[in-house]
Amino acid sequence: MEHTTTIRTELEQFMAREDLSIIQFCEMADVETETVHAILGKKMPFSVEQLDRVTYGMRLNPGHFYEHYIEEYLVESLPDCRHIKPFLYRCEELGKLECIRQTSYLWLDNTNYAPLLFEVAEDFFIHDKHAAAALLYKNIVKREGGRRSERLALCQYRLFILGLGPDKEQNVDAANRVFPLLDQLDDIDRLDALRELAIAYIQRKLWDLAKDLAQDMDDEANFQYLLMHQPNMVNQEPLKKPQRPMFFYMAYSNYLRANICEAQGDYKQALQYTYAYADLSWVKETDEETQYWLNKCKEWARSSICLYKMLTGDVSAILDYVTCIEASQTELIPGLFKIVRAANQQDIKVDYFLKKFETDITAFMAREKAIVTYTHKITPDLYILFLHELAHYYLSRGAFDLGFSYLIDGLDKSLEVDNKSYTIKCIGLYERFRLFASRETDAEYKRLMTGMYLKDDE
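This is the structure:
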């Protein structure tokens, strides 16, 4: 973007308008005369701090001249490394992200600046200045090209973390950019990357890939843990620590594999993985953080053991499972969904629990039904699947009005978000019980089907 005025012309006009000499302006702005001479004569570079003082003296908003500064001083000559950091930090502070994007892309033409810009990006990341960090990481990735380096791998990993959101396809696309670079990360960063990538692949039902990553995480963490407890390493403080205690990665790998087995219907194997992370008596550390995650793992294991026993037909486990989930508001609805799913698979009667938590279920359904911002990429999985399982449960037991009510809601939402797999599930269940549908229900079903066919023809 070109400007019709320059810093020099604006300063000259201001001084003329205010009838100020250079010395008078310098006294008012608390800036050295050399700085003003540098601007007026454009003979030498000056720092962003000096520019801020000039801007203040001219009674302009902070950062007013930054775009001019880039065009007039940074494009034509490469700045001193001492000036780069303050400029980037000041741009972030003032929310001038476009200035960060422009200057970082410009400076990365010079390979000498790449380590410095990466250092600033990491500092932004650590201090939760995520928008600025992402701009720098993206420009570094562009400049790295196809070179496989630790810096490129770490930038892609950071961008993956910063971009994580409800869009599962987008998460996997970002994970796929990190996956081939995993071996370029150092041992500690790789542990956390394996964990995050495995979760992203699980969310997209890429079971085999997720299971392999969980196994790699287990192997890496096991090796690091043994290394930590070698006689010559026990009293040494590690140069770099992972985000969690080392034992956690071994335990979490079993937790992830248990979840994968659950999704695949292999509940007995899921139970074995759960028993593996339930027994953490081998952990040697006793610090506060370790105790926190030990308790977390035991908490997960306790509810999961009850769940998998329930899913294999052990009715006695339901009460224990309900005790685990009702203490947590975030786990209650997912837990009730799993209870109903187990009831359908094992032909277990769970009316008592559905009645007990009727208010919670109704509130959840009303809240989810009201959301209209879902897309085919951001799908209300739990809502639709819970509706489907409840419909299946009640229809199988002859409660047709209630069952069809849940089923029509599930079909409606599946069509709304254009999720074909959930739509097929709902249609299949409806056709199975269609003979028991009322005229009103069948009319609503036909209306939804007509809408689907018309949409497909568009």
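Heads up: take any position in the sequence shown, counting from 1, add 376, and you land on our numbering. C-beta atoms are modelled at their ideal positions from N, C-alpha and C, and glycine is treated no differently.
Neighbourhood of residue i by C-beta, 7 Å cutoff - its chain only, sequence neighbours within 5 removed
i: Leu670; result: Leu656, Val659
i: Asp696; result: Cys682
i: Asn635; result: Ile578
i: Ala646; result: Ala634, Cys637, Glu638, Tyr684
i: Asp592; result: Leu570
i: Ile754; result: Reliability fails at Ile754, whose pLDDT of 46 lies under 50, so the model's placement of it is uncertain and the value that follows must be treated cautiously. Same-chain partners within the cutoff: Pro542, Asp543.
i: Arg429; result: Ala405, Asp406, Val407
i: Val691; result: Ile724
i: Tyr649; result: Asn630, Arg633, Ala634, Cys637
i: Met622; result: Ala597, Gln600, Tyr601, Met604
i: Cys402; result: Glu408, Thr409, Val412
i: Lys587; result: Arg633, Ile636
i: Ala677; result: Thr650, Tyr653, Ala654
i: Gln426; result: Val407, Thr411
Opening and closing residue of the alpha helix (DSSP H) in which residue i lies
i: Pro710; result: 705-722
i: Met604; result: 583-604
i: Met434; result: Met434 -> no alpha helix (DSSP H), and no H or E assigned at all.
i: Phe500; result: 490-502
i: Glu452; result: From DSSP, Glu452 is part of no alpha helix (DSSP H); its letter is neither H nor E.
i: Lys685; result: 664-687
i: Arg519; result: 506-520
i: Ser629; result: 622-639
i: Ala569; result: 563-579
i: Phe762; result: 757-772
i: Ile446; result: Careful: Ile446 lies outside any alpha helix (DSSP H) and carries neither H nor E.
i: Thr699; result: 693-701
i: Lys725; result: It is not in any alpha helix (DSSP H) - Lys725 carries neither H nor E in the DSSP assignment.
Reduced DSSP category for residue i - H, G, I as helix; E, B as strand; rest coil
i: Phe422; result: coil
i: Pro542; result: coil
i: Glu744; result: helix
i: Leu396; result: coil
i: His440; result: coil
i: Asn795; result: coil
i: Glu526; result: helix
i: Val659; result: coil
i: Thr479; result: helix
i: Thr382; result: coil
i: Val407; result: coil
i: Leu648; result: For clarity, residue 648 is Gln in the given sequence; the question names Leu instead. Helix at Gln648.
i: Arg466; result: helix
i: Pro556; result: helix
i: Phe780; result: helix
i: Phe809; result: helix
i: Leu787; result: helix
i: Lys472; result: coil
i: Leu830; result: helix
i: Phe536; result: helix
i: Leu484; result: coil
i: Phe733; result: coil
i: Asp690; result: coil
Cβ-based neighbour list, residue i, same chain, cut-off 6 Å, excluding 5 preceding and 5 following
i: His472; result: It should be noted that the sequence gives Lys, not His, for residue 472. Excluding positions up to five away in sequence, the list reads Gly439, Tyr442.
i: Phe809; result: Leu771
i: Lys789; result: Ile760
i: Val726; result: Ile715, Ala719
i: Gln560; result: Arg524, Glu526, Ala529
i: Leu538; result: His506, Ala510
i: Arg866; result: What the structure shows of the chain is the stretch from 377 to 834, and residue 866 is not part of that stretch, so it cannot be assessed.
i: Thr751; result: The predicted model places Thr751 with a pLDDT of 48, which falls under 50 and marks its position as unreliable, so this point remains unresolved.
i: Tyr513; result: Ala497, Cys531, Arg534, Leu535
i: Thr817; result: Phe780
i: Asp642; result: none
i: Ile694; result: Met686
i: Phe463; result: Val424
i: Val548; result: Ala576, Arg580
Contact set for residue i: own chain, Cβ-Cβ below 8 Å, skip 5 residues either direction
i: Thr431; result: Asn437, Pro438, Gly439, His440, Phe441
i: Ala813; result: Phe776, Phe780, Tyr806, Tyr821
i: Leu484; result: Ala490, Leu493, Asn515, Ile516, Lys518, Arg519
i: Ile747; result: Pro756
Distance cut-off 8 Å: residue i Cβ against heavy atoms of the ligand COA
i: Gln645; result: The model on display carries no ligand, and the ligand COA is accordingly not part of it.
Q: Spell out a yes or no on whether the region 618-636 and the region 590-599 are touching, meaning 3 or more CB-CB pairs, one atom from each, closer than 8 Å.
A: Touching, yes.
Q) Are the region 563-574 and the region 614-621 in contact at 8 Å, needing three or more beta carbon pairs? A) Contact check between the region 563-574 and the region 614-621: three or more CB pairs, one atom from each, fall below 8 Å, which counts as touching.
Q) Do the region 700-710 and the region 728-740 touch if we need at least three Cβ pairs shorter than 8 Å? A) Two segments are said to touch when three or more pairs of C-beta atoms, one from each, lie closer than 8 Å; by this definition the region 700-710 touches the region 728-740.
Q. Within the chosen definition, does the region 760-769 reach the region 788-802 through at least 3 CB pairs nearer than 8 Å?
A. Yes: the two stretches touch, three or more of their Cβ pairs being nearer than 8 Å.
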